[in-house]
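Below is one structure, written out as structure tokens; the observations come after it.
Number of protein chains: 2
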Amino acid sequence: MAGAREAGAAGRPARIPERTVTRLSIYLRCLEELEADGVRAISSKQLAERFGLHSAQVRKDLAYFGQFGVRGLGYYTAELKHTLERILGLKHDWHVALVGVGNLGSALLAYPGFQRRGFRLAVAFDKDPEKVGRRHGRIPVYPVEKIVPVLTRRKIRIAVLAIPAAGAQAVADQLVAAGVNAILNFAPTQLTVARGVKVQNVDLSVLLKSLAFHTNRTEPARPGPSE
Amino acid sequence: MAGAREAGAAGRPARIPERTVTRLSIYLRCLEELEADGVRAISSKQLAERFGLHSAQVRKDLAYFGQFGVRGLGYYTAELKHTLERILGLKHDWHVALVGVGNLGSALLAYPGFQRRGFRLAVAFDKDPEKVGRRHGRIPVYPVEKIVPVLTRRKIRIAVLAIPAAGAQAVADQLVAAGVNAILNFAPTQLTVARGVKVQNVDLSVLLKSLAFHTNRTEPARPGPSE
DNA sequence: TAGATTGTTAATCGATTAACAATC
DNA sequence: TAGATTGTTAATCGATTAACAATC
């Protein structure tokens, strides 16, 4: 009885480990390159090697969602890419809201790889009256008070939070009230949100501290090949 | 036989889980706030609750490095903060190199929380002759060809990579040759580096894909409390 | 002392890896 | 067919949580 069950044939939603989802995203990035290079197919072993993983890991990650490979051959590049896009929900563009048009927010608005991959920053919010009303390229900047009406009307479900820690929780509450399901949080603070809303934290300070810890425990590295 | 052994009394370096280091950074952030609020001491239970963790987790994380608590009481805020700073290697400023003065790089140069917490962006590099030679505030911008001599001379061990994927591996090679031990990598590509060099990837596209996956599997969230 | 909380060991849980029959 | 690689189950590994004696 071969069990091909996309997300559980019975109906059980099947919990997917967070790290599996992250790896699928990385596999996809790789498959885009492979397809551009004209590589027709790739095995789990070859794919795994590119990321220092084991082939079983790759096969297991994919097996959560179905059977996509060909025994004796591997996976067809174009087909697997297509499949991963479907699994990750990238078959249509996502409209994304940005809160905070400061240094980081502006950089994100200008970041091409962001928009390119199906994430379209559709609206921005800021509390500074100087910034409100203007446009950043083609993106309108509203006052933060408008979060609920604007996002509700536009049915936006993903938001990026690029403001200081102080006001972050209040804004997050607004986002959730507006029906947002997922928040990419650059504010260095722990957000409390309703169950079902996913928060992905990116705390540059925390990341740097981890690097400092590692550097602190490592020899000052040879001065390089002469110079 | 109570075993107080900082990093292994014998000399064994004791492998610390990555996630423990990340949590220590987060605890520290919290302790800074607590100290500012005049909170004298805190228990592992109280600390854990702020992050949705179990108290045993907090105690275990700390136990890797020694015994810092007081039974029946908890941990003294100021003391634990001090201790975590020492463990993470934050007792002195780190000079950090930035490669890539584009949108993201400029945002990082202007980001205050970055500099504030003991990470000083000391030098920047770019391949654009337009940008080279100028200064960003007080930070000089050199051509990327100067990475090895400049970093070697200044003994810089942490670098931030904020350039497109295409040139990232070549630049990473230069950084490693220059004696860098840790790289915060914003380029959406897998870097191959010498053992002992730590790479911390921040791929915005991957993070957004995880959010898309979650959003894709979730009901479109109630439209919020009326509006 | 009585109450509280640590530090630490043992039990549990979940994720990674090994192994192999199925099959292209 | 012979060789290769999948999909999947079982074994291993590591991290989280429970439990509790030690002790403030």
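First to last, the sequence lines map onto chains A and B. Under my numbering, the first residue of the first sequence carries the number 1, and numbering increases by one thereafter. Under my numbering, the first residue of the second sequence carries the number 1001, and numbering increases by one thereafter. We put the beta carbon where it would ideally sit given N, CA and C, even for glycine.
Closest residue to residue i among the options (Cα-Cα distance)
i	options	result
A/Asp-128	A/Thr-192, A/Ala-107, A/Glu-145 and A/Lys-198	A/Glu-145
A/Ala-14	A/Ala-159, A/Lys-45, A/Asp-61 and A/Ser-43	A/Asp-61
B/Pro-968	B/Thr-1192, B/Ala-1036, B/Leu-1031 and B/Ala-1177	Summary: the structure shown does not reach residue 968 of chain B, with chain B confined to residues 1001 through 1227, and so no result is reported for it.
A/Val-180	A/Val-199, A/Leu-88 and A/Asn-103	A/Val-199
A/Ala-182	A/Leu-98, A/Tyr-142, A/Ala-166 and A/Glu-130	A/Leu-98
A/Gln-115	B/Ile-1163, B/Ala-1036, B/Gly-1196 and B/Leu-1204	B/Leu-1204
A/Ile-101	A/Pro-112, A/Val-160 and A/Leu-24	It should be noted that the sequence gives Val, not Ile, for residue 101 of chain A. Comparing Cα-Cα distances from A/Val-101 to each of A/Pro-112, A/Val-160 and A/Leu-24, the minimum goes to A/Val-160.
B/Asp-1173	B/Thr-1215, B/Arg-1153 and B/Val-1197	B/Val-1197
A/His-214	B/His-1214, B/Ala-1036, B/Thr-1218 and B/Ile-1087	B/Ile-1087
B/Asn-1103	B/Ala-1162, B/Phe-1051 and B/Arg-1117	B/Ala-1162
B/Asn-1154	A/Glu-32, A/Pro-220, A/Arg-23 and A/Asp-37	Here residue 1154 of chain B turns out to be Arg, not Asn, going by the sequence shown. That would be A/Pro-220, whose Cα lies nearest to the Cα of B/Arg-1154.
Inter-residue Cα distance where the pair is residue i and residue j
i	j	result
B/Ala-1168	B/Leu-1151	17 Å
B/Phe-1065	B/Thr-1083	9 Å
A/Leu-121	B/Lys-1209	14 Å
B/Gly-1224	A/Leu-108	Any reading at B/Gly-1224 must be qualified, since the residue scores a pLDDT of 44, below 50, and its modelled position is unreliable; the value itself is stated next. Between B/Gly-1224 and A/Leu-108, the C-alpha separation is close to 27 Å.
A/Ile-16	A/Val-193	21 Å
A/Arg-71	A/Thr-20	22 Å
B/Phe-1186	B/Asn-1201	6 Å
B/Leu-1191	B/Val-1039	43 Å
A/Ala-78	A/Cys-30	11 Å
A/Glu-35	B/Gly-1089	44 Å
B/Glu-1033	A/Glu-33	45 Å
B/Phe-1119	B/Trp-1094	5 Å
B/Ile-1158	A/Asn-216	11 Å
A/Arg-59	B/Leu-1184	29 Å
B/Leu-1028	B/Val-1171	32 Å
B/Ile-1026	B/Val-1096	21 Å
A/Ala-212	A/Leu-73	44 Å
A/Asp-37	A/Arg-50	15 Å
B/Ile-1139	A/Arg-117	33 Å
A/Thr-218	B/Arg-1195	11 Å
B/Gly-1003	A/Pro-112	Because the pLDDT at B/Gly-1003 is just 35, under 50, the model does not fix this residue reliably, and the point stays unresolved.
First and last residue of the uninterrupted beta strand (DSSP E) at residue i
i	result
A/Val-160	158–161
A/Val-99	94–99
A/Val-141	139–143
Endpoints, alpha helix (DSSP H) assigned at residue i
i	result
B/Lys-1127	Here B/Lys-1127 belongs to no alpha helix (DSSP H), and DSSP marks it neither H nor E.
B/Ile-1147	1147–1154
A/Pro-112	112–116
B/Ala-1063	1055–1063
B/Leu-1175	1165–1177
Strand pairing of residue i, partner residues [DSSP]
i	result
B/Gly-1074	B/Val-1070
A/Ile-26	BP columns for A/Ile-26 are empty, so no partner.
A/Gln-200	A/Leu-184
A/Ala-41	A/Tyr-76
A/Leu-121	A/Val-96
A/His-136	A/Ile-139
Any non-hydrogen atom of the ligand SAM closer than 8 Å to residue i Cβ
i	result
B/Leu-1084	Ligands displayed in this structure: none; no statement on the ligand SAM is therefore possible.
Proximal residues to residue i (C-beta, below 8 Å), its chain only, five neighbours per side dropped
i	result
A/Lys-91	Glu-85
A/His-136	Val-101, Ser-106, Leu-109 and Ala-124
Chain-order list of residues whose beta-carbon lies under 7 Å from that of residue i (same chain, five-residue window excluded)
i	result
B/Val-1132	Asp-1126, Val-1141, Tyr-1142 and Pro-1143
B/Leu-1075	For clarity, residue 1075 of chain B is Tyr in the given sequence; the question names Leu instead. Once the five neighbours on either side are set aside, the close Cβ partners of B/Tyr-1075 are Ala-1041, Ile-1042, Phe-1068 and Gly-1069.
A/Ser-55	Ser-44, Lys-45 and Ala-48
B/Arg-1023	Asp-1061
B/Leu-1080	Leu-1031 and Phe-1068
B/Gln-1057	Ala-1048
Same chain, Cβ closer than 6 Å to residue i, five either side skipped, listed in chain order
i	result
B/Leu-1207	none
B/Thr-1189	Ala-1165 and Ala-1168
B/Arg-1134	Val-1141
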